[in-house]
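Here's the structure, in structure tokens; my notes come after.
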Amino acid sequence: MGSPTPRGATAPGFRIGALAARTGHSVHAIRWYEQQGLMPGVARDGGGRRVYADAHVGWLELMLRLRRTGMSIAQMRRYSALVQQGRTTVAERHALLRAHRERVQRTIAEWNQALVLLDAKIDFYGQWQSTGRRPVLALPDVPPQRRSRGS
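Here the numbering used here runs 185 ahead of the position in the sequence shown, where the first position is 1.
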């Protein structure tokens with residue numbers, strides 16, 4: 186992914202309200218991401234108002250998804266800075282995103298194990314309600330969760 190506004194390009198632009206409408210995210214959230222250094226390449230018009238390009242839509246969506254999947258703001262800033270540095274940082278960007286993907290996969294696996302246990306408890310209570318008798322809880326064989334230092 187290149188930077189949201191390529192070097193030398195003019196921002197054809199739309200304002201922050203239009204970006205909010207296009208992405209479904211609040212103006213406040215967009216400004217916060219910009220203040221955190223996570224929205225590079227935002228131009229300003231003659232009146233000092235932000236002017237966004239089409240590329241900002243995809244960029245903002247990426248930033249929001251990285252955050253929702255647990256990437257730290259510091260890591261997001263690092264990724265954003267690497268993108269702004271250009272092609273020489275492709276390998277580092279690739280490594281950063283691969284490491285994040287591995288963390289997301291581990292989290293998904295943990296959540297899937299939690300769902301198995303929740304389903305067992307839901308079935309337990311459903312049987313109890315339908316029969317009026319407390320059934321024997323048959324817990325599925327799920328390995329115990331071990332928390333790592335980073336979680």
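Note that CB positions come from ideal geometry on N, CA and C, so glycine has one too.
Q: Provide the residue span of the alpha helix (DSSP H) that contains Y218, from first to last.
A: If you look at Y218, you'll find it in the alpha helix (DSSP H) that goes V212 to Q220.
Q. What is the residue span of the alpha helix (DSSP H) that L302 lies within?
A. V275 to T316
Q: Between the Cα of M250 and those of H210, V301 and D326, spot the shortest distance and give me the residue it belongs to.
A: With the sequence shown as reference, residue 250 is identified as Arg, and Met is not the correct amino acid for it. Among H210, V301 and D326, the Cα nearest to that of R250 belongs to H210.
**Q.** Contact set for R229: own chain, Cβ-Cβ below 7 Å, skip 5 residues either direction
**A.** R235 and V236
Q. Can you round the beta-carbon distance between M248 and L282 to whole angstroms, since I take them to be within the 8 Å contact cut?
A. Contact flag wrong, Cβ pair sits at about 13 Å.
Q: Work out the CA separation of L324 and T292 for me, nearest whole Å.
A: 21 Å
**Q.** Counted within 10 angstroms of its Cβ, other Cβ atoms place S265 as buried (16 or more) or exposed
**A.** buried
Q) The alpha helix (DSSP H) with R257 in it runs from where to where? A) A small correction: the amino acid at residue 257 is Ser; Arg does not occupy that position in the sequence shown. Here S257 belongs to no alpha helix (DSSP H), and DSSP marks it neither H nor E.
Q. For Y237, which beta-bridge partners are listed by DSSP?
A. According to DSSP, which records beta bridges pairwise, Y237 is partnered with F199.
**Q.** For A228, the residue or residues it bridges with in DSSP
**A.** V236
**Q.** Contact set for T190: own chain, Cβ-Cβ below 7 Å, skip 5 residues either direction
**A.** Bear in mind that a pLDDT of 45 at T190, under 50, signals an unreliable position, so the model cannot answer this.
Q: May I ask you to report which of helix, strand or coil DSSP gives A266?
A: helix
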